[in-house]
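J.: Sending over a structure as structure tokens; questions will come in a sec.
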Amino acid sequence: ELDDETLKEWLTDVCNNVFSSAFHSLSKDAMTYEHTKIFCSEGILKNI
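Residues in the sequence shown are numbered from 3 upward in steps of one, following the working numbering.
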């Protein structure tokens, strides 16, 4: 069973990894802003 602090750390890591990847692609013009939002939503949902 996960305690609140462990869960918070895990969710933070998931979000940071997804956002980092997404904004790296956005900054390289590999994705549009709309695609970036979708990528972030899907990436977070897939990992929780």
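Note that the Cβ used here is the ideal one computed from N, Cα and C, for glycine as well.
Please report the residue range of the alpha helix (DSSP H) in which residue 32 lies.
T.: Taking the sequence shown and counting its residues from 1, the one referred to as residue 32 is at position 30. Where residue 32 is concerned, there is no enclosing alpha helix (DSSP H), given that its DSSP letter is neither H nor E.
J.: Which residue's Cα is closest to the Cα of residue 26: 10, 41, 4?
T.: The sequence position of residue 26 within the sequence shown is 24, counting from 1. Considering only alpha carbons, the answer is 41.
J.: Can you grab the Cα-Cα spacing for the pair residue 17 / residue 48, in whole Å?
T.: The residue labelled residue 17 in the question sits at position 15 within the sequence shown. The residue labelled residue 48 in the question sits at position 46 within the sequence shown. Per the coordinates, the alpha-carbon of residue 17 lies some 11 Å from the alpha-carbon of residue 48.
J.: Taking the C-alpha atoms as reference points, what is the distance between residue 44 and residue 12?
T.: If you number the sequence shown from 1, residue 44 lands on position 42. If you number the sequence shown from 1, residue 12 lands on position 10. CA-CA distance, residue 44 to residue 12, rounds to 17 Å.
J.: Within 10 Å of its beta-carbon, does residue 32 have 16 or more other beta-carbons around it, so buried, or fewer, so exposed?
T.: Position 30 of the sequence shown, counting from 1, holds the residue named residue 32. With fewer than 16 neighbouring CB atoms inside 10 Å of its own CB, residue 32 falls in the exposed class.
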